[in-house]
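Please read the structure below before turning to the comments.
Protein chains: 2
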Amino acid sequence: MTQQAKNVLYAQAGGVSAVINASAAGVIESVRQHPGQFGKIYAAINGIKGVLEEALVDLTDMSQADIEYLKYLPGAAFKACRFDLGDEQQRADQYQRVLDVFTAYDIGYFFYNGGNGSMLTAQKVADYCSRHGHPVTCIGVAKTIDNDLALSHCSPGFGSAAKYLATSFFEATLDILSMHQTSTKFFVMETMGRNVGWLSLAPGLVQDAMPDVPIIILPAERPFRREAFLNEVKRLIDLHGYCVCSVSEGIRTENGQFISIEGEEHANGHTFTQLGGVSEKLAHLVADSLNIKTHSANPDYLQRSASHMVSLTDWQMGYQAGSSAVEAALRGEHGVLPVIEKTDDTPFIWRFKTVALQAVADLEKGVPDEFIREDGMGITAEALDYLRPLVQGEHFVSFKQGLPNIKPLELKNVHKQLAEFIDA
Amino acid sequence: MTQQAKNVLYAQAGGVSAVINASAAGVIESVRQHPGQFGKIYAAINGIKGVLEEALVDLTDMSQADIEYLKYLPGAAFKACRFDLGDEQQRADQYQRVLDVFTAYDIGYFFYNGGNGSMLTAQKVADYCSRHGHPVTCIGVAKTIDNDLALSHCSPGFGSAAKYLATSFFEATLDILSMHQTSTKFFVMETMGRNVGWLSLAPGLVQDAMPDVPIIILPAERPFRREAFLNEVKRLIDLHGYCVCSVSEGIRTENGQFISIEGEEHANGHTFTQLGGVSEKLAHLVADSLNIKTHSANPDYLQRSASHMVSLTDWQMGYQAGSSAVEAALRGEHGVLPVIEKTDDTPFIWRFKTVALQAVADLEKGVPDEFIREDGMGITAEALDYLRPLVQGEHFVSFKQGLPNIKPLELKNVHKQLAEFIDA
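For the record, the sequence lines run as chains A and B. The first sequence begins at 1 in the working numbering and counts up one residue at a time. The second sequence begins at 1001 in the working numbering and counts up one residue at a time.
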């Protein structure tokens, strides 16, 4: 470490993915390769909230063994917040606090790991530093299972969730196939994605192994048409004896109402804005309408935490999301996000390139029309071509006493130097 | 094959497990080792229903490659029925038909692979053959993820479902741990088991890696006490910031009403007897009562089909359930079921022994009192000692194009010889 070396601050935000910690490892290992440029490595606990709270851990001396654990650890090793900075005009105190923490810890590089919403926070910090002449390089680290990051061929985290969902759906399909004659004839699995249906497409990969599988796919991008759906279920069951279905949690009626919270009432009069449960609703609808036995699965967090089922391709994307951010910093870039660019189809070749944070912050990229079948209940060959490379490759985790050999990192908070910040 | 060699008929019934096809492979490979004793190997498609329908496939020349596929194939390779023979007095035609099929195909050995209910069918066939002097050896092949087979230390299929659930819950727990400060504070996962709570115990294994994990376990054997439950959730969240919960789909109120179908109304006036959805109900209850963000997962069929997450110990039990049945037949036993006997604790040693089918048919073994914490919301060290050996060992499936390299077997039905049977 030279006199000029500045310290690094890394933080995680938003819903986790199976490879968000691979990104952390990518940042840490890349930073260590450049001791002349970078000094200490800190992580904020709980994203930007941890920055405000001066809740930091020092990773400078993290053992290589812990880094290896980190690479396949589910969840967010340094805790991820659902919290964004306020408007700069109204919450100048927050921005000043961020600068105070940066200054106190001699931070020269801020790497913020998250999705669309978190990139807005990264951009706000980057802009504020620029406008106030504070020499902190701010770079985003891409992550989201939803795959809705604009300008990126795909999002780190998506491929692993897709591989988990496709595998699980494949296994369950063989279950239904084997039992439908005297038992369940309709099975539906729900995937995450409030506004975008990328993950609902993944089970379509089952068609690679079972070209004639009677599958219905309902992405969030298309309205749910009850009669057309029931007709299609009936048609497939008449033809094949059973039907399997993948549905976005975020499907809505043609009037824009979420199916998953249609007709639900809760105590305290508060309305649930959170989704989940649409698969059970569809299973009941089909059971009631066609008078057959149905079943539904909702993997929920299992799909974004399944580090035992990472796509190696996605894991590499996750790792390089981190290392590319460090490389961008080394090149002197600021206020940017490394995103994935596909450079060839056969074989699938990709690399990271940087785009301005403001070009992606708070945007959502939905599934394009050409990936969805015209009737809105299936996907096209183009969609399969897109999905297939993203789920390639496996990493078999090690096990201990029958369970994956994973454990939360033991984090020791840095002794606080500043006065407490009251985030009013 | 000698003159005396009689043919073998194997069939699968009831809900599938991740290792039911390992049992099939155990039967097939063991039969092949005794060509003097056994002739052709048939499988009925769809259990006893396939016997009635004379829907048979000939496995005698099954390739070793297909047997290797079979060993880790999810679902039931030969289709599993939820269908039992009627009462012998009222449905003598069914029993006569079974004998006609046995005679037409020179069946001397009938191996029936299933759980409690299916063992009743196996017993009925065994008794009928005995009383009518028909020389068919009938042996059960043990299987059920529910782990409720009487007289067996555990049931083949349980260990793999338990390993899948414990792994998934572990991964999701690290997710909640990392996000609870600004997001979900309560997560609940539902496990199968209408009357018995064995599978709900499995997530308790997370305590091996995280001794202080704030976990609630609600097995079907204990009534659901709303206030006590909410108090425990609140206590754990106050203490740890979050709480994770594993719940049997079959939990009931103190009045015996299933929570999962409490207050549900369906079109057509028909009442759902099928369970599922209790996790979402608990998540809503906690959200409404404590005003916090909650999430729920219902893996449903995923837990019984996940051949990518078999316990090697369980797989060996599944395989030997099949091979032990063949060995029992070779010893001249009839009307029996090989069950698992634990012979030592450290190390865990087990073997198969046979018990009479009538001693297990249609019985259900629940979780013993000493495995459940006194307040009914957790499990004991004895329960963990019981569970731990059953999830040991891994088998990493091979992948193809990013998904497990599995595919339904191509089955060619044997040309029917008999007149059609109308099962009125």
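All C-beta atoms in this analysis are idealised placements derived from N, C-alpha and C, irrespective of residue type, glycine included. Quick caveat, the model's predicted, so the values are computed rather than measured.
Candidates the options: which alpha carbon is nearest residue i's?
i         : options                                    : result
GLY1108/B : TYR1128/B, ARG1373/B, ALA1092/B, VAL1136/B : VAL1136/B
GLU341/A  : GLU364/A, ASP93/A, GLN320/A                : GLN320/A
ALA1077/B : GLN1096/B, ALA1043/B, GLN1064/B, ALA1092/B : ALA1043/B
TRP1198/B : ARG1226/B, SER1246/B, LYS1185/B            : SER1246/B
ARG304/A  : GLN1207/B, GLU1249/B, PRO1368/B, LEU1174/B : LEU1174/B
LEU384/A  : GLN123/A, PRO211/A, ALA25/A                : PRO211/A
LYS1365/B : GLY1193/B, LEU1418/B, ALA1283/B            : GLY1193/B
GLY159/A  : LEU403/A, TRP350/A, TRP315/A, ASP362/A     : TRP315/A
ARG1097/B : ALA1055/B, ILE1372/B, GLY1402/B            : ALA1055/B
HIS1295/B : ALA1306/B, SER1152/B, LEU1282/B, GLN1004/B : LEU1282/B
TYR112/A  : SER178/A, ILE20/A, ASP100/A                : ILE20/A
SER1311/B : GLY1114/B, LEU1120/B, PRO1156/B, GLY1039/B : PRO1156/B
VAL27/A   : LYS163/A, LYS71/A, GLY241/A, THR103/A      : LYS71/A
SER118/A  : GLU394/A, ASN46/A, HIS180/A, LYS163/A      : ASN46/A
ALA1325/B : PHE1352/B, THR1346/B, PHE1348/B            : PHE1352/B
ALA122/A  : LYS40/A, LYS234/A, HIS334/A                : HIS334/A
ASN7/A    : ALA25/A, LEU236/A, GLY36/A, ASN255/A       : GLY36/A
ILE1259/B : VAL1278/B, SER1023/B, GLU1410/B, THR1343/B : VAL1278/B
GLY963/B  : ALA1022/B, ILE1041/B, ILE1237/B, GLY1140/B : Shown here, chain B extends from 1001 to 1424; a query on residue 963/B therefore has no answer.
ASP208/A  : LYS407/A, ARG252/A, ALA104/A, ALA381/A     : ALA381/A
GLU394/A  : HIS308/A, THR346/A, LEU275/A               : HIS308/A
LEU1099/B : HIS1132/B, ALA1080/B, GLY1115/B            : HIS1132/B
THR1176/B : GLU1232/B, HIS1240/B, GLY1250/B            : According to the sequence displayed, residue 1176/B carries Ile and not Thr. Among GLU1232/B, HIS1240/B, GLY1250/B, the Cα nearest to that of ILE1176/B is on HIS1240/B.
GLY140/A  : PRO338/A, VAL16/A, PRO223/A                : PRO338/A
GLY1402/B : PRO347/A, GLN401/A, ASP300/A, TYR164/A     : TYR164/A
ASP423/A  : TYR301/A, ASP84/A, GLY75/A, PHE38/A        : ASP84/A
MET1179/B : ALA306/A, GLY75/A, VAL397/A, ALA161/A      : GLY75/A
Could you name the residues that DSSP lists as bridge partners for residue i?
i         : result
GLU420/A  : Answer is none; GLU420/A lacks a bridge partner.
CYS1154/B : CYS1154/B is not bridged to any residue.
LEU9/A    : TYR42/A, PHE110/A
GLY140/A  : TYR112/A
ASP58/A   : TYR42/A
ALA356/A  : VAL336/A
VAL394/A  : Residue 394/A is actually Glu in this sequence, not Val. Partner(s): SER311/A.
SER296/A  : VAL188/A
ASN413/A  : VAL57/A
ARG351/A  : GLU341/A
LEU403/A  : LYS400/A
ILE1372/B : ILE1379/B
Using a threshold of 7 Å, is the CB atom of residue i nearer than that to any non-hydrogen atom of the ligand GDP?
i        : result
TRP315/A : In the structure shown, the ligand GDP is absent, as is every other ligand, since no ligand is present at all.
When you check each C-beta in the region 1041–1056 of chain B against every C-beta of chain A, which residues fall closer than 7 Å?
ASN1046, LYS1049
With 7 Å as the C-beta to C-beta threshold (strictly closer), list the residues of the region 1144–1169 of chain B near chain A in chain order.
LYS1163, ALA1166, THR1167, SER1168
Of all the beta strand (DSSP E) runs that stay within the bounds of the region 194–266 of chain A, which reach a length of 3 or more residues?
Within the region 194–266 of chain A, the complete beta strand (DSSP E) runs of at least 3 residues are 215–218, 243–248.
Residues, ordered as in the chain, of the region 74–85 of chain A that lie near chain B by beta-carbon distance below 9 Å
Of all residues in the region 74–85 of chain A, PRO74, GLY75, ALA76, ALA77, PHE78, LYS79, ALA80, CYS81, ARG82, PHE83 have a Cβ within less than 9 Å of some Cβ in chain B.
With three or more beta-carbon pairs closer than 8 Å as the criterion, would you say the region 37–55 of chain A touches the region 6–24 of chain A?
They touch, by the three-pair rule.
Looking at chain A, which residues of the region 1300–1312 of chain B have a Cβ within less than 8 Å of any of its Cβ atoms?
ASP1300, TYR1301, LEU1302, ARG1304, SER1305, ALA1306, SER1307, HIS1308, MET1309, SER1311
In the region 75–135 of chain A, which residue ranges form an unbroken beta strand (DSSP E) of at least 3 residues, counting only runs that do not cross its ends?
107–114
In the region 1379–1394 of chain B, which residues sit with their C-beta less than 7 Å from some C-beta in chain A, listed in chain order?
Residues passing the 7 Å Cβ filter: ARG1388, VAL1391, GLN1392, GLU1394.
Which residues, in order along the region 1399–1412 of chain B, keep a beta-carbon less than 9 Å from a beta-carbon of chain A?
Under the 9 Å Cβ criterion, the region 1399–1412 of chain B contributes PHE1399, LYS1400, GLN1401, GLY1402, LEU1403, PRO1404, ASN1405, ILE1406, LYS1407, PRO1408.
So does the region 1385–1392 of chain B actually touch the region 1209–1216 of chain B, counting three or more Cβ pairs closer than 8 Å?
No contact exists between the region 1385–1392 of chain B and the region 1209–1216 of chain B.
Against chain B: residues of the region 173–193 of chain A by CB proximity under 7 Å
Under the 7 Å Cβ criterion, the region 173–193 of chain A contributes LEU174, ASP175, LEU177, SER178, MET179, GLN181, THR182, SER183, PHE187.
Does the contact criterion of 3 or more C-beta pairs under 8 Å hold for the region 1177–1193 of chain B versus the region 85–96 of chain A?
At 8 Å Cβ cutoff, the stretches do not touch.
Three or more beta-carbon pairs under 8 Å between the region 1347–1359 of chain B and the region 1122–1140 of chain B, yes or no?
yes
Report yes or no: do the region 223–235 of chain A and the region 376–387 of chain A share at least 3 C-beta pairs separated by less than 8 Å?
yes
Could you name the residues of the region 1272–1287 of chain B whose beta carbon sits closer than 9 Å to any beta carbon of chain A, in the order they occur along the chain?
PHE1272, GLN1274, GLY1276, GLY1277, SER1279, GLU1280, ALA1283, HIS1284, LEU1285, ALA1287
Pairing CB atoms from the region 60–76 of chain A with CB atoms from the region 22–36 of chain A, are three or more of them under 8 Å?
yes
So, does the region 1140–1148 of chain B touch the region 1164–1171 of chain B, judging by three or more C-beta pairs under 8 Å?
no
Against chain A, which members of the region 1236–1252 of chain B pass a CB distance test of less than 9 Å?
Of all residues in the region 1236–1252 of chain B, none has a Cβ within less than 9 Å of some Cβ in chain A.
Near-chain A residues of the region 1200–1211 of chain B (beta-carbon distance less than 8 Å), N- to C-terminal order:
LEU1205, VAL1206, ASP1208, ALA1209, MET1210
Name, going along the chain, the residues of the region 109–141 of chain A whose beta-carbon falls closer than 8 Å to a beta-carbon of chain B.
none
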